[in-house]
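This report refers to the structure that appears directly beneath it.
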Amino acid sequence: MILGIGIDIVEIQRIQKAIQNVRFLEKCFCQEERDGIHRVESFAGNFAAKEAAAKALGIGFRGFGPGQIAVLRDEFGKPYIRFYGKAKERAEQLGVTCIHVTISHEKCYAIANVILE
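This is the structure:
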């Protein structure tokens with residue numbers, strides 16, 4: 568059963584400017600994410616996925632921030648999401664057992680869709 572759906576689109580140039588700030592990087596992306604990302608499009612896609620996941624939780628970023636949602640990749644490059652802290656508590660409260668995420672980018676924008684089951 569679908570428990571939540573979220574979608575978000577971000578301007579890649581906006582994220583390119585933001586990641587120049589070390590505080591933004593450390594606040595929004597865990598070390599594992601930062602180590603695995605080498606292109607601005609990937610940072611933008613991950614940020615869009617974090618926003619989409621927060622929307623799918625039904626509360627947006629209320630009580631927690633993007634740093635409590637990690638967007639990682641499996642050995643084939645497929646993205647997956649891990650919740651931490653208050654985001655994890657919310658997912659458990661909803662009874663989330665499966666998280667679907669898809670990310671795409673084109674020229675100026677990155678988009679992500681998250682479905683919680």
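One rule links them: number in the working numbering = place in the sequence shown (from 1) + 567.
All C-beta atoms in this analysis are idealised placements derived from N, C-alpha and C, irrespective of residue type, glycine included.
Note that the structure is predicted; figures quoted are calculated from it, not measured.
Secondary structure of residue i, DSSP reduced to three states
i	result
Val577	strand
Phe650	strand
Glu656	helix
Glu673	strand
Gly607	Checking the sequence, you will find Val at residue 607 rather than Gly. Looking at Val607 - three-state DSSP - the assignment turns out to be helix.
Ile572	strand
Residue i to residue j span [Cα, whole Å]
i	j	result
Tyr651	Asn588	23 Å
Ala615	Arg590	18 Å
Contact check, residue i vs residue j, beta carbons under 8 Å
i	j	result
Ile572	Ala623	yes
Val698	Ile569	Because the chain in this structure spans residues 568 to 684, residue 698 falls outside the shown range and cannot be described.
Val663	Tyr647	no
Whole-angstrom C-beta distance between residue j and residue i, which should lie under 8 Å
i	j	result
Ala654	Ile666	The pair is not a contact, with the Cβ atoms about 11 Å apart (cut-off 8 Å).
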